[in-house]
Every structure is written in structure tokens, then in C-alpha cells.
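Per my numbering: the sequence shown = residues 622 to 758. Here is the structure we will look at.
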Amino acid sequence: MAWDVFVVHWLHVAFGIFWAGSIAFTRVTLFPALATLPKEQAEAARGSLLTAKARQITLITAGGTVVTGILRGLMTGVLDQLNTSYGWIFILSGVLGILMFVFLLNRVPTPAFLRTVYVAAFPVIFTMMVLMRFGGF
Ligand code: HEM
622 MAWDVFVVHW LHVAFGIFWA GSIAFTRVTL FPALATLPKE QAEAARGSLL
672 TAKARQITLI TAGGTVVTGI LRGLMTGVLD QLNTSYGWIF ILSGVLGILM
722 FVFLLNRVPT PAFLRTVYVA AFPVIFTMMV LMRFGGF
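In C-alpha cells form, the structure reads like this:
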């Protein structure tokens, strides 16, 4: 086994499930639960989640996912497969991942539709991961 690829793949999956999992939990479980509280309490609880520490963790897991993802592809020779469906999916994932990371870096309040696009990108990128696992389409 190529241990360097194993370690980078392990890190990539670990960062990726943390990043995507935290979004899934927040949107599917936490926000609907908070919506059952009186409005002021719900807003206070949502505001309390926006700490500097939470932002730091998100930037680390998101950045970690993108960097290890790109590295993982480079280590197994994706540059020689750019004219295959695997290569296209890799490029698309990389671009989408970088855009998602840039979105997180932005500190200016963003329109609601952009936040929706950010959340919707997770199932898309996840599907691309599974497609790559099967060698493309
Ligand atoms: C939310 C973001 C992401 C998540 C949750 C995620 C998750 C995963 C998971 C779970 C795998 C393992 C698939 C398997 O072995 O069955 C994987 C593989 C991989 N990911 Fe990601 N990933 C994300 C973003 C990215 C990005 C931005 C890139 C950069 C291009 C990338 C590149 C790769 C590569 C090259 C593989 C190996 C595919 C293979 O040949 O089997 N990923 N990813």
C-alpha cells in the first residue's frame, strides 16, 4: 500500500465528513429544532453559534478538505487523466471546493440565495466524490 496516499486520503475523508456533516446537522436537525423556540430565543441561540472558534474550525476543516483533495488527486496522477471523465470531475470538484472556501472567507453579509447555493453544493460535490471512487462515469 502507498502509505502517503493512505494518510492524505484518510485526512481528506476526515476533514470532508466533519465539514459536510456539520452543515448537514445544522440545517437538518439544529435549525428546525431552534425554530420551535420563541423567536428571540431562537435568534439568540443561532447568534451564539457564530463564535470566532466555530469560524476557525470551519475554515480549518474546509481548507483541509480542499487542500488534501487536490493533493490526493495529484498523488495518484490525475494530471495524466485530465481528458477523462475522472479528470473533469476532479477539476469541477476542485473549482467548486475553492469557491466554497472563498465564500467562507468572505466577511461581508451575503444574500440568502448565495448561502443556499453554498449548502446545495455539498450534495453535488459528494456525488462527484462517489463518481470518482468508481473511476468516473
Ligand atoms: C465537501 C467537500 C468534500 C467531501 C465531503 C469529500 C469527501 C470525499 C470522500 C468521502 C472520499 C472517499 C471516496 C471513497 O473512497 O469512496 C473522497 C475522495 C476524493 N476526493 Fe473528496 N471530498 C470533498 C471535496 C473534495 C475536493 C474539493 C477535491 C479536490 C479536487 C476532492 C478530491 C478527492 C479525490 C481526488 C478523491 C479520491 C477519488 C478516488 O480516486 O477514489 N474532494 N472525497
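Backbone N, C-alpha and C fix where the C-beta goes; we use that ideal spot for every residue, glycine too. Everything numeric in this text was worked out from a predicted model, so none of it was measured.
For Q662, the enclosing alpha helix (DSSP H) stretches over residues K660 to S669. In this structure, V687 is the residue among V687, M622, F734 and F711 with its C-alpha nearest to the C-alpha of F639. With at least 16 other beta carbons inside 10 angstroms of its own, G718 counts as buried. D625 has its alpha-carbon roughly 31 Å from the corresponding atom of V740. Approximately 5 Å separates the beta-carbon atoms of L632 and T689; this is inside 8 Å, confirming the contact. Straight through space, the alpha carbons of P744 and F711 are spaced by roughly 15 Å. DSSP, reduced to helix, strand and coil, places M622 outside both helices and strands of the structure shown, so it counts as coil. Annotation: F636 to L725 spans about 15 Å, alpha carbon to alpha carbon.
Contact annotation: F722 and G684 have beta-carbon atoms nearer than 8 Å.
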